[in-house]
Structures are given as C-alpha cells and as structure tokens.
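Asker:
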Amino acid sequence: MERSFKKEVAQLRLGEGEIFSGEGILAVTKALLQSGVSYIGGYQGAPVSHLLDVMVDSSELLDELGVHLETPTNEAAAAAMLAASINYPMRGAVTWKSVVGTNVASDALSNLSSAGVIGGAMIVIGEDYGEGASIIQERSHAFAMKSSMCLLDPRPNLTSIVDTVEKGFELSEASNMPVMLQLRIRACHISGRFAARDNRPPLISRNQLLSEPDFNIDRFCLPPSTYLQEKHKIEYRLPAAERFVTENKLNEVFDGDLSDIGIITLGGLYNGVVRALERVGLSDIYGASRVPIYVMNVAYPVVPKELEEFCLGKKSVLVVEEGYPDYIEQAVHVALRKADVQTRVLGKQVLPKVGEYTADVVLGGVEKFLELEASGNLTASLPSSAITHSNALKARAAELLGTPIPPRPPSFCTGCPERPVFSAMKIVEKELGPTHIAADVGCHTFSALPPFNLGNTMVG
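Residue numbers 49 to 508, in this note's numbering, belong to the letters of the sequence shown in order.
This is the structure in structure tokens:
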C-alpha cells in the first residue's frame, strides 16, 4: 500500500448520525458495513483499490462483525465469491477495475446471473473511462444488459453513493439479480461528507454459522434448470427490478419551469449537466435548474413508464450518455415510440460519440441542444456562448505559457522489482538487435514507454 489508512479505518466505526468525511470509494466501504454484508472480496485496480486497502487494515472491526474478507488472485475468483448468495440469504460485495476486470470475471458472472441470488450480491466497478483512464476505452453497460444484472450509476455525492449502495442490496434481493455499482474515476475520488448509520452485523457470518447446507437443483446451472432460469430472468426478475426502482424512487426527477424541454442523464454525469446549465444561466450552483432533469441512478434496467411520464408534453429532450453504443438513447427512443409519445430525442447529434463528458464537452452539447430546441425568447435571453468564452480562456493560457508542458509518461515506481527486468532486456537488445516483444497487462505496459520502449503489442 502507498499510504496508511488509519484515519479511514477509524471512521468505519462511526455510528448513527455521526459525520463521515472522505473520498467516494471510502464512503462505499462504510456503506457496505452499514448494509450488513457477510463477505467482501476483490482484485485491486484503480480507481477502486482503496476499498480493499481500507478493509485489509480493518481486520479487527471485520472480526467483530464476523465479515469474511478475501483478496483473490484475479477477478474471476472474486466473482466466484458471490456464489455464496445464490443459495443463502447472505449479502456480499466484490470489486475490481472496469471492463478489464469484468472480462476476466465474465464466466462466473454469467453463471451467477443465470442462477440468480437470494442474498444481495453487488459488484463495485471502477469505471476507468475517459481522462485519467489507464485501460482500453469500453464500458460496463453491455455486461449488465447481456447477463441481466442491474447497473447502478449514482449521482456523484457521498450521500447519494451511500444510499445507492444500501438500496442496491435491497434491489438485488427484491429482483434476485446481482447488481453492478458503477463509479467513474472522479466519483471514486470526490471528497465529501455524509451522515453515517450504525454498522449491521450480518445474519450469516463467521460469528453466526449456517446450521446446514442448502441443495436446490433449480439453482444449479445445468439444463433443464438453465431454461427455467432464463424464463425467470425475463418474466420475473426484470419486472421485479423495474417495480422496485419505481416504488423506491431510485431514479430522480428535478422539475423546472421550462417544461417544453428536458434532459435525461445518467446519475454519474449529473454534476456535469448542472454545471453546464449554470454556465448558460439556467441553473444555480446547487442544482435548481430551470430545465427539468430526469436522473437515471439506475442505468439498467430502464423503466419505460418513467421515461414516458417525464417526456409527455415535452417538445424535445437531450440524452446525456458517455460512449458508444448509445444504449440509453436507443432505449428512450423505443420506450417513447411504443407509448406513442412523439417527443424529439437528441443525444449523439449534439454530443460526441467517444470520450469522457468533461464540463466543456457537456456545455457544448447543452448549448447546441438549446440552439436547436429552445424557444427564441429563451435563447435571446441567454448569455453569449459560454463554450466560446471557455475556449478563448484556454487559448490565452496557452499563449501565456509559451511552450507546451513537457510530457510526463507514467513509469515504474522507484524500487519496483520489474524495472531491472526491462533493463536486462535493453542490454540483450544491444547484443541481439531489436525484436518483436509481446507485452503484459498492468504496470508492465509502462515498458513500452520511455526510457525502455519495449513492447510491440499488449492484448491483456
């Protein structure tokens, strides 16, 4: 570990009403204990590494609660831990880094999702997408859809994140579906506070053992059970998840007086949307927006009835969704057309298909949307283009700087035992000449950068 987590460990003992202060991913750690988990595991990787770091340092507290902690050798082994929730009412959580981790875990997740769970099962995903990412640029959304797992994407503030973790376990149990909690890089490292609740000792734990094992062939992934499991997924689990989302108001609507237009955004992108609206004079810094906003803290399953109700009577809506394919935008189109709601849907027409939706990117999309869809009286009253002003400031900063800042590619940590390996390879290269080198995943990829420049391909 790169630092001590003594302070964070102490905060895990906070009780009802006491104030927890720290990073987003550490708030998740506390939320897991408040949810009464029986077991926690995972494979470390930015931006979720601190979750396991803190748990490892909290062995005394975990022993008191009876929580089992495991640090498996890969994501597949971590995902397999969730099998404990198939037969028993045990809540558990595992964590790893984005799609590279989910790829490794996908076989276990497919079988887990087929069988279904009776205890809440949660996968905390560090969605490593956009600026600051260190991996291939893909998203977790497709995994949730193809295996019928709920995908949670909470608004990036600590209270929302913690509430979503706790409600996520309830959603998992109500629908018999595993849930994925998706946290982007900035959400993992956002700082804030929330009012803590008491930790809950799990009903089944190292201190409260099961009396006997359960055997149920219907929960075993083998035909003909798998045919019934698929039927259960579609006919029971997904509708149950949609009902729970609606009844518990997991998605949020923020009303505004400009009722003929609206914005549909994933929860994790909410802050950027509000900031963009504030910069064009249509919101204050606290989120009081004049444009109605539908916030999807649950990215999957989509709830068609909620979309229909939000869009009814609106001339047009903007869908704010990072990356491509545009799963949410397509789902909005399908839901509205099936309900014969003729609201115009814009998304990738005014926002880019690729890359992180930074503040300026969202601002540019919001401005284009307003130019196309807002009334003439409204657009005439808005300030001059905020994105033009932002670009001018950047150009002026570059001019004052004079020359570009020298690049600082990532490199091996001081004292890393891998560094001498690549030093030896450079010596061999001098003797034998250049050769094609297949590089490995993780920190090893730094070998392809200066000063070693070793590595022609990397495929995981």
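Every residue gets a Cβ at the ideal spot worked out from N, C-alpha and C, and that includes glycine.
Look up E295 in the DSSP assignment and give the residues it is bridged to.
Answerer: Within the sequence shown, the letter at position 247 stands for residue 295. Paired residue(s): none; E295 is not in a bridge.
Asker: Reducing DSSP to helix, strand and coil, say where H116 ends up.
Answerer: What you label residue 116 is simply residue 68 of the sequence shown in a count that begins at 1. Note: H116 maps to strand in three-state DSSP.
Asker: For the beta strand (DSSP E) that contains C533, what are its first and last residues?
Answerer: Because the chain in this structure spans residues 49 to 508, residue 533 falls outside the shown range and cannot be described.
Asker: Please go through the same chain and pick out, in chain order, the residues whose beta-carbon is closer than 6 Å to the beta-carbon of I134, but skip the five residues on each side of it.
Answerer: Against the sequence shown, residue 134 aligns to sequence position 86. The answer, listed in chain order, is A163, V165 and R267.
Asker: Within 10 angstroms of its Cβ, does H437 collect 16 or more other Cβ (buried), or is it exposed?
Answerer: Residue numbering aside, residue 437 sits at position 389 when the sequence shown is read from its first letter. Burial call: exposed.
Asker: To which residues does DSSP link V368 through a beta bridge?
Answerer: As a working note, residue 368 is residue 320 in the sequence shown. V368 is bridged to T313.
Asker: Is G395 closer than 8 Å to L360 when the C-beta atoms are compared?
Answerer: On the sequence shown, residue 360 is found 312 positions in, with the first residue counted as 1. On the sequence shown, residue 395 is found 347 positions in, with the first residue counted as 1. Contact flag unset, no.
Asker: Take the Cβ of E377 as the centre, count every other Cβ of all protein chains shown within 10 Å, and call the residue buried at 16 or more, exposed below.
Answerer: Indexing the sequence shown from 1 puts residue 377 at position 329. The residue in question, E377, is buried, as its Cβ has 16 or more Cβ neighbours within 10 Å.
Asker: For the alpha helix (DSSP H) that contains T150, what are its first and last residues?
Answerer: Your numbering for residue 150 matches position 102 in the sequence shown. S146 to A163 is the span of the alpha helix (DSSP H), which, as asked, contains T150.
Asker: DSSP on V322, reduced to helix/strand/coil?
Answerer: Translated into positions along the sequence shown, residue 322 becomes position 274. Helix, per DSSP.
Asker: Relative to the C-alpha of T143, which residue among E218, I67, T207 and C236 is closest?
Answerer: Walking along the sequence shown from the start, residue 143 turns up at place 95. Ranking E218, I67, T207 and C236 by Cα distance to T143 puts C236 first.
Asker: Would you kindly report the start and end of the unbroken alpha helix (DSSP H) that includes Y275?
Answerer: The count along the sequence shown starts at 1 and reaches residue 275 at position 227. Looking at the DSSP string, the run of the alpha helix (DSSP H) that includes Y275 is S273 to H280.
Asker: Buried or exposed for D388, going by 16 or more other Cβ atoms inside 10 Å?
Answerer: As a position in the sequence shown, residue 388 is number 340, starting the count at 1. By the neighbour-count rule (16 or more Cβ atoms within 10 Å), D388 is not buried but exposed.
Asker: Is the Cβ-Cβ distance between I311 and V339 less than 8 Å?
Answerer: On the sequence shown, position 263 is the one that residue 311 refers to. On the sequence shown, position 291 is the one that residue 339 refers to. Closer than 8 Å, so yes.
Asker: State buried or exposed for L160, treating a residue as buried only when at least 16 other CB atoms are found within 10 Å of its CB.
Answerer: As a first step, residue 160 is located in the sequence shown; it is residue number 112 there, counting from the start. By the neighbour-count rule (16 or more Cβ atoms within 10 Å), L160 is buried.
Asker: According to the Cβ coordinates, are Y91 and G149 closer than 8 Å?
Answerer: Taking the sequence shown and counting its residues from 1, one reaches residue 91 at position 43. Taking the sequence shown and counting its residues from 1, one reaches residue 149 at position 101. Taking 8 Å as the Cβ cut-off, Y91 and G149 qualify as a contacting pair.
Asker: Can you tell me which residues form a DSSP beta bridge with G240?
Answerer: Looking up residue 240 in the sequence shown gives position 192. Under DSSP, G240 shares a beta bridge with G70.
Asker: Quick check: what's the CA-CA separation for L229 versus D201?
Answerer: Along the sequence shown, read from residue 1 onward, the residue named residue 229 stands at position 181. Along the sequence shown, read from residue 1 onward, the residue named residue 201 stands at position 153. One Cα belongs to L229, the other to D201, and the distance between them is close to 6 Å.
Asker: Round the Cβ separation of P95 and G174 to the nearest angstrom and send it over; I've been treating them as touching at under 8 Å.
Answerer: Position 47 of the sequence shown, counted from the first residue, corresponds to residue 95. Position 126 of the sequence shown, counted from the first residue, corresponds to residue 174. Yes, P95 and G174 are in contact; Cβ-Cβ is about 4 Å, under 8 Å.
Asker: Could you please give the first and the last residue of the uninterrupted beta strand (DSSP E) stretch that includes R232?
Answerer: By one-based count along the sequence shown, residue 232 stands at place 184. Unbroken beta strand (DSSP E) run through R232: V227 to R232.
Asker: In the region 75-100, which residue ranges form an unbroken beta strand (DSSP E) of at least 3 residues, counting only runs that do not cross its ends?
Answerer: 87-90
Asker: Closer than 6 Å by C-beta to I341: which residues in its own chain qualify, once you throw out the five before and the five after it? Chain order, please.
Answerer: Counted from its first residue, the sequence shown places residue 341 at position 293. Closer than 6 Å at the Cβ level, and outside the excluded window around I341, lie F302 and I311.
Asker: Please name the residue or residues paired with G329 in a DSSP beta bridge.
Answerer: As a first step, residue 329 is located in the sequence shown; it is residue number 281 there, counting from the start. Partner(s): none; G329 has no beta bridge.
Asker: Considering Cα atoms alone, identify which of P373, E356, Y372 and Q397 is closest to V380.
Answerer: Here residue 380 corresponds to residue number 332 of the sequence shown, with the count starting at 1. Ranked by how close their Cα comes to the Cα of V380, the residues P373, E356, Y372 and Q397 have E356 in first place.
Asker: Could you tell me if T212 is buried or exposed, where buried requires 16 or more neighbouring beta carbons within 10 angstroms of its beta carbon?
Answerer: Within the sequence shown, numbered from 1, the residue matching residue 212 stands at position 164. With 16 or more other Cβ atoms within 10 Å, it is buried.
Asker: According to DSSP, what are the bridge partners of L509?
Answerer: The first residue shown for the chain is 49 and the last is 508, placing residue 509 beyond what the model contains.
Asker: Between which two residues does the beta strand (DSSP E) harbouring S175 extend?
Answerer: On the sequence shown, position 127 is the one that residue 175 refers to. The displayed chain sequence assigns Glu, not Ser, to residue 175. Where E175 is concerned, the enclosing beta strand (DSSP E) stretches over A169 to E175.
Asker: Spatial neighbours of F242 within its chain, please: CB distance less than 7 Å, with the 5 preceding and 5 following residues excluded, ordered by chain position.
Answerer: As a first step, residue 242 must be located in the sequence shown, where it is residue number 194. Closer than 7 Å at Cβ, skipping near neighbours: F68, A75, L206, T207 and V210.
Asker: Helix, strand or coil for G508, going by three-state DSSP, please let me know.
Answerer: Numbered from its first residue, the sequence shown carries residue 508 at position 460. In the three-state reduction of the DSSP assignment, G508 falls in the coil class, being assigned neither a helical nor a strand state.
Asker: Between P465 and P349, what straight-line distance do the alpha-carbon atoms span, to the nearest angstrom?
Answerer: The count along the sequence shown starts at 1 and reaches residue 465 at position 417. The count along the sequence shown starts at 1 and reaches residue 349 at position 301. For P465 and P349, the distance between alpha carbons rounds to 45 Å.
Asker: Could you spell out where the alpha helix (DSSP H) holding M193 opens and where it closes?
Answerer: Numbered from its first residue, the sequence shown carries residue 193 at position 145. Its alpha helix (DSSP H) spans residues H189 to S195.
Asker: From what residue to what residue does the alpha helix (DSSP H) around V414 run?
Answerer: Position 366 of the sequence shown, counting from 1, holds the residue named residue 414. Unbroken alpha helix (DSSP H) run through V414: A407 to E421.
Asker: On a CA-only basis, which of T391, E290 and L426 is nearest V351? Give me that one, please.
Answerer: Your numbering for residue 351 matches position 303 in the sequence shown. Taking only the C-alpha atoms, the option nearest V351 is E290.
Asker: Tell me whether A496 sits in a helix, a strand or coil according to DSSP, three-state version.
Answerer: Translated into positions along the sequence shown, residue 496 becomes position 448. A496: helix per DSSP, three-state reduction.
Asker: Would you identify the three-state DSSP class for F268, choosing helix, strand or coil?
Answerer: Counting from one through the sequence shown, the residue named residue 268 turns up at place 220. Note: F268 maps to coil in three-state DSSP.
Asker: Less than 7 Å between C-beta atoms, sequence neighbours within five positions excluded: which residues of the same chain meet that for R232?
Answerer: The residue you call residue 232 lines up with position 184 of the sequence shown. E175, Y177 and G316, listed in sequence order.
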